[in-house]
Amino acid sequence: MARVETVRIEGLAQLDRALRELPQRIANRGLRASVYAGAKVIRDEARSRAPKAAQSLGPKQPPPGTLKRSVIMKHIR
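Taking my numbering as reference, the numbering of the sequence shown is continuous, increasing by one, and the terminal residue is 80.
Laid out in structure tokens, this is it:
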């Protein structure tokens, strides 16, 4: 079962201090979750703004919606 820790933070200095006090593994997990949430917002907005053709543009062109589907998030180590 996962352990839950609650921390109240006001300001960047307190955030920095709180992250330094956490074990490295827990801090990285929290940062990864935060970055994932932010990247998801950006990905969804990029997908919503990507144009989509009403019909196929020709035999050598990708099908409509290819650009929208190609906007992805990727975890890089």
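All residues carry an ideal CB built from backbone N, CA and C; glycine is no exception. Here the structure is a predicted model, which means the values were calculated and not measured.
Residue range of the alpha helix (DSSP H) that includes residue i
i	result
Thr9	That residue, Thr9, is in no alpha helix (DSSP H); it is neither H nor E in DSSP.
Lys63	Lys63 -> no alpha helix (DSSP H), and no H or E assigned at all.
Lys71	69-73
Residues near residue i in its chain [Cβ-Cβ closer than 6 Å; skip 5 each side]
i	result
Gly68	Lys55
Arg20	none
Anticipated Cβ contact below 8 Å, residue i with residue j, distance rounded
i	j	result
Arg35	Val74	Their Cβ separation, rounded to whole angstroms, is 20 Å, which puts Arg35 and Val74 out of contact at 8 Å.
Thr70	Ala42	In the sequence as presented, Thr is not what sits at residue 70; that position holds Leu. With a Cβ gap of about 18 Å, Leu70 and Ala42 do not count as contacting.
_Contact between the stretch 55-66 and the stretch 29-41 is defined here as three or more beta-carbon pairs at a separation below 8 Å; is this criterion met?_
no
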